[in-house]
Amino acid sequence: MFRNILQIVLGNGSPLFKRDILKLNRQDDNAAVRLFSAATLEYLAENHPDCIGEIAYLFVFGELVDAYQNRTISHAVRLKLILRAHYFLDSWEAFLRASDYRKDQYFISCKANDILQILINGFIALLFIHCDHLASPTPLLPWLHSSKSCKHTFGGACDVVKDFTYLNFIYMIPKLRIKLHEAAFRRKAGDGKARASGYSHTYFDYKGLDLQVLSTYPSDTDFIPIS
């Protein structure tokens with residue numbers, strides 16, 4: 001897969017940058033966003049239609065992330081994207097077992113699979129909690145159920161003292177509180193075109209947010225056609 005993705009980077013009109021693949025910053029959120037973007041899928045389909053595996057992989061798992069990050073789609077659509085990833089992984093594993101292929105060679109890593117299972121089962125659990133265990137309609141904002149706020153706080157602390165101690169962190173809390181309040185009020189999203197830029201915090205981006213849609217959940221009868 002790396003070889004084929006590298007061909008995309010080196011091709012004319014590529015939506016990816018060399019730093020997204022070569023000597024990349026492994027904390028670069030924007031590189032991951034570009035790799036799983038609609039532009040990359042379109043480029044692959046038009047210029048490398050034989051890369052069916054890469055197209056399917058990027059589509060399925062890009063949609064899985066979109067199920068958490070999208071501000072406008074309904075929870076019924078999110079559930080459909082989540083279940084698609086679930087069935088994709090199950091079918092992949094079943095095929096390897098039936099064909100007697102080694103899972104450690106032809107499947108994603110155990111750690112990557114564990115993370116994907118947490119995302120899949122975690123969203124379904126959040127959906128049931130909001131549907132069945134909350135007294136009044138409460139909007140589910142899945143992008144806030146992440147470690148983004150922790151990373152944002154850590155990054156802000158590093159801006160104040162690069163290699164901070166616990167004592168440094170205690171003393172900088174008032175300054176961090178002001179920085180986070182400023183980010184919340186400005187609601188500034190990260191620069192999607194930035195390269196090798198590390199974390200890109202988007203959880204304050206509420207553009208297109210509809211709390212009524214996010215407070216509406218699929219009924220029991222809706223689950224059957226969705227699944």
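The sequence shown lines up with residues 1 to 227 when you count with the UniProt record's numbering. Each residue gets a CB set at the ideal place from its N, CA and C atoms; glycine is no exception. Note that the coordinates shown come from a computational prediction; the quantities given were computed from them, not determined experimentally.
Measuring alpha carbon to alpha carbon, tell me which of the options ends up nearest residue i.
| i | options | result |
| --- | --- | --- |
| GLU63 | LEU35, SER149, TYR43, HIS48 | LEU35 |
| THR138 | ILE82, LEU16, ILE129 | ILE129 |
| ASN12 | GLY208, MET1, ASP20, ASN47 | ASN47 |
| LEU119 | ILE21, HIS86, ALA98, ILE178 | HIS86 |
| GLY122 | LEU134, ALA135, LEU140 | LEU140 |
| residue 241 | LYS80, LEU22, GLN117 | As displayed, the chain neither begins before 1 nor continues past 227, which places residue 241 out of reach and without an answer. |
| PHE223 | CYS131, GLU42, LEU116 | CYS131 |
| residue 242 | GLN212, ARG102, PHE88, LEU22 | This structure gives no information on residue 242, because the portion of the chain shown stretches from 1 to 227. |
How many Å lie between residue i and residue j at the Cα?
| i | j | result |
| --- | --- | --- |
| GLU93 | PHE61 | 16 Å |
| TYR171 | ALA184 | 22 Å |
| PHE154 | THR221 | 43 Å |
| ASP100 | ASP90 | 15 Å |
| residue 228 | ARG84 | Since the first residue of the chain shown is 1 and the last is 227, residue 228 is not available in this structure. |
| PRO174 | TYR206 | 25 Å |
| ARG78 | ASP210 | 15 Å |
| CYS110 | SER147 | 21 Å |
| PHE164 | ALA157 | 7 Å |
| THR40 | ILE108 | 21 Å |
| ILE8 | PHE169 | 43 Å |
| LEU6 | ALA135 | 51 Å |
| ASP20 | LEU10 | 11 Å |
| GLY208 | LEU214 | 11 Å |
| GLN69 | PRO142 | 7 Å |
| LEU58 | ASN113 | 15 Å |
| residue 246 | ILE73 | Outside the modelled stretch of the chain, which goes from 1 to 227, sits residue 246, for which no answer is possible. |
| SER197 | GLU42 | With a pLDDT of 48 at SER197, under the threshold of 50, the modelled position of that residue is not reliable, and the figure given next carries that caveat. So the two alpha carbons sit approximately 25 Å from each other. |
| ALA98 | HIS145 | 37 Å |
| HIS133 | ILE115 | 25 Å |
For residue i, count neighbouring Cβ atoms within 10 angstroms of its own Cβ and tell me buried if that reaches 16, exposed if not.
| i | result |
| --- | --- |
| ASN30 | buried |
| ALA67 | buried |
| HIS75 | buried |
| PHE2 | exposed |
| PRO49 | exposed |
| PRO225 | exposed |
| ASP28 | buried |
Short of 7 Å in beta carbon distance, which residues of its chain neighbour residue i, apart from the five on each side in sequence? Order them along the chain.
| i | result |
| --- | --- |
| TYR106 | LEU96 |
| VAL160 | MET172, LYS175 |
| VAL65 | PHE36 |
| LEU16 | ILE8, VAL9, ARG34, LEU35, THR40 |
| ALA45 | ILE55 |
With a threshold of 6 Å on Cβ separation, who are the neighbours of residue i within its own chain once the five nearest residues in sequence on each side are excluded?
| i | result |
| --- | --- |
| ASN4 | CYS51, GLU54 |
| LEU127 | none |
| LYS18 | VAL9 |
| ARG71 | GLY208, LEU209 |
| ARG195 | Because ARG195 sits at a pLDDT of 49, beneath the cut-off of 50, its placement in the model cannot be relied upon, and the following sentence gives the value as read from the coordinates. Correct list, in chain order: PHE17, ARG19. |
Answer yes or no: the CB of residue i versus the heavy atoms of the ligand SAM, is any distance below 6 Å?
| i | result |
| --- | --- |
| GLY62 | As for the ligand SAM, it is missing from this structure, which has no ligand bound. |
What residues in its chain sit with their C-beta under 8 Å from that of residue i, if we drop five residues either side in the sequence?
| i | result |
| --- | --- |
| ILE82 | LEU64, ALA67, LEU119, ILE120, PHE123, ILE124 |
| SER14 | ILE8, TYR43 |
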